[in-house]
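Accompanying notes for the structure given below.
In structure tokens form, the structure reads like this:
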């Protein structure tokens, strides 16, 4: 008895007086050797003795039949220094060692202070968790994929009804209701994301639409959770669902705004090209025709001047030269507004611009193209030509290059133009500068026609610009031209 780790008490059955206690009990209670002999179990527990007698009555009341083998109690014993501790007691009725008629109670006790502290810490932790879950926007949940393929929600926070329009206890009882909430067109993606996460044991991130019957409304929700395995080897996710309806609507509105802006930009560019074409033709036809008529009239007048009118002859020659310069300027302006060579084809236009670049900047420009011409919608051809012009202008201004290579090829239902130089290149910071209107204009021009423009480093140094554009609906354009002609 005295070598035991548990506290052991021998107690008088009728009075509950302590007859004997072991050393473990004395140490914990801080008793001297004889202190306990005048005390009862009720004194240790600070409880009414009558209540304890009533609690223990089933033991000695069934002494003959032994229907009750022992009684378990949890009490709080008081030490000599005034402190106390919780103790779990198992109390047995047994005959006295001296074979006297009166049996005694044997109580085996275990100090459960550490257990109570752990329980308190667990309660506090659960309280904090519940408070965090209750105050977290959205729905905190546990979702389990069971071995038979069915699902369960072991835990749902108080935000369940506010988000899904279903009370937590109802969804726990009928977990299949959640899948029914998801719109039909989004269910396949939801199930696929769940299976992928379960197979790879990686995070499950899904967003989609649900129908909330309680409010007759569609909501966008985002689901983020982390999987783990239960003791039954079933996948269980723990995560949060949030309402992203407002942000999704704003995202869709932003997308629509960008699409409308792109359409407007494309329309503006188209109108600009049409206006340039119109002005170029008017300059060529009207102004050019008038200047030619003036030149012919001047020549006629000059022939009719008497040889003695030297000053008038010189004046006529001056005016003739002035008309020639004006005609050249008109041709140059018309060509800059819209090169007539675009009417011949995009390959010829790119070749002509490359030669113009060589003449103006003394930088060799090599064109590589495997076709004599590539059919492309006129609007797309004009946009590609303008991008090419801007690219060459940037090379002349900033690249410090000594050679330029241009590649133009048909690629499926699109056309690709690559402009590569051997200059000093361009950094990512330079591309993002607010004043880089040329580069941004090139990118936007390509985007408005459903194309892409990328800028990177050339393999041997310098810069490489790649433009991919769809060729557009050529047949529709040809039909429009034929209709206009008729």
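Residue numbers (this note's numbering): -2 to 483. From the three backbone atoms N, C-alpha and C, an ideal C-beta is built for every residue, glycine too. Small disclaimer: the values here were computed from a predicted structure and weren't measured.
7 Å CB neighbourhood of residue i in its chain, flanking five on each side removed
i, result
"residue 358", "393"
"residue 351", "362, 364 and 403"
"residue 118", "none"
"residue 3", "21, 105, 106 and 107"
"residue 50", "13"
"residue 288", "320, 323, 324 and 327"
"residue 83", "71, 73, 109, 110 and 113"
"residue 263", "445 and 446"
Residue closest to residue i, alpha-carbon to alpha-carbon, out of the options
i, options, result
"residue 109", "74, 137 and 227", "74"
"residue 53", "104, 43 and 26", "104"
"residue 56", "69, 26, 46 and 44", "69"
"residue 21", "9, 5 and 36", "5"
"residue 212", "160, 265 and 204", "160"
"residue 209", "177, 220, 268 and 271", "177"
"residue 216", "76, 239 and 435", "239"
"residue 413", "39, 435, 436 and 367", "367"
"residue 229", "39, 27, 145 and 25", "145"
"residue 331", "284, 307 and 316", "284"
"residue 207", "190, 181, 221 and 237", "181"
"residue 395", "378, 35 and 424", "424"
"residue 241", "205, 254, 214 and 251", "205"
"residue 10", "315, 220, 447 and 39", "39"
Continuous alpha helix (DSSP H) stretch holding residue i: start and end
i, result
"residue 463", "No alpha helix (DSSP H) contains residue 463, which is instead part of the beta strand (DSSP E) from 460 to 467."
"residue 194", "181 to 197"
"residue 377", "375 to 391"
"residue 167", "165 to 170"
"residue 159", "157 to 161"
"residue 357", "343 to 358"
"residue 319", "307 to 334"
"residue 297", "285 to 301"
"residue 177", "174 to 178"
Span separating the alpha-carbon of residue i from that of residue j
i, j, result
"residue 12", "residue 85", "21 Å"
"residue 410", "residue 293", "50 Å"
"residue 382", "residue 296", "39 Å"
"residue 120", "residue 111", "14 Å"
"residue 15", "residue 7", "6 Å"
"residue 419", "residue 360", "11 Å"
"residue 482", "residue 218", "Any answer about residue 482 is weak, because its pLDDT of 34 lies below 50 and its placement is not dependable; what the coordinates show is given next. Cα to Cα, the separation comes out at about 56 Å."
"residue 265", "residue 203", "39 Å"
"residue 168", "residue 136", "12 Å"
"residue 373", "residue 343", "8 Å"
"residue 134", "residue 156", "8 Å"
"residue 172", "residue 149", "5 Å"
"residue 321", "residue 249", "58 Å"
"residue 376", "residue 455", "29 Å"
"residue 407", "residue 468", "9 Å"
"residue 270", "residue 384", "13 Å"
"residue 258", "residue 451", "21 Å"
"residue 174", "residue 256", "37 Å"
"residue 341", "residue 290", "28 Å"
"residue 153", "residue 123", "14 Å"
"residue 399", "residue 459", "10 Å"
"residue 477", "residue 445", "Bear in mind that the predicted position of residue 477 carries a pLDDT of just 43, short of 50, making it unreliable; the figure below should be weighed with that in mind. Approximately 21 Å between the Cα atoms of the pair."
"residue 268", "residue 405", "26 Å"
"residue 29", "residue 23", "7 Å"
"residue 441", "residue 309", "56 Å"
Residues near residue i in its chain [Cβ-Cβ closer than 6 Å; skip 5 each side]
i, result
"residue 388", "416 and 462"
"residue 355", "362"
"residue 421", "397"
"residue 87", "67, 69 and 105"
"residue 33", "15 and 18"
"residue 158", "164"
"residue 473", "With a pLDDT of only 49 at residue 473, under 50, the local geometry of the prediction cannot be trusted, and the value read off the model is given with reservation. Nothing meets the Cβ criterion."
Boundaries of the beta strand (DSSP E) in which residue i is found, first to last residue
i, result
"residue 104", "100 to 108"
"residue 452", "449 to 454"
"residue 67", "67 to 75"
"residue 457", "Taken as a continuous stretch (DSSP letters only), residue 457 belongs to no beta strand (DSSP E), as it is neither H nor E."
"residue 412", "411 to 418"
"residue 151", "148 to 153"
"residue 363", "362 to 366"
"residue 339", "Residue 339 -> no beta strand (DSSP E), and no H or E assigned at all."
"residue 488", "Any answer about residue 488 is impossible in this case: the structure gives the chain only from -2 up to 483."
Close Cβ partners of residue i (< 8 Å) along its chain, the five nearest in sequence each way excluded
i, result
"residue 66", "89"
"residue 224", "194, 195, 198, 199, 200, 201, 232, 233 and 234"
"residue 336", "346, 349, 350 and 382"
"residue 227", "141 and 233"
"residue 334", "273, 274, 276, 277 and 280"
"residue 480", "With a pLDDT of 39 at residue 480, under the threshold of 50, the predicted position of this residue should be treated as unreliable, and no value is reported."
Secondary structure, beta strand (DSSP E): runs of 3+ residues fully inside the region 193 to 268: 201 to 209, 214 to 226 and 232 to 240
Go through the region 6 to 62 residue by residue and report every complete run of the beta strand (DSSP E) that reaches 3 residues or more, in order. 15 to 18
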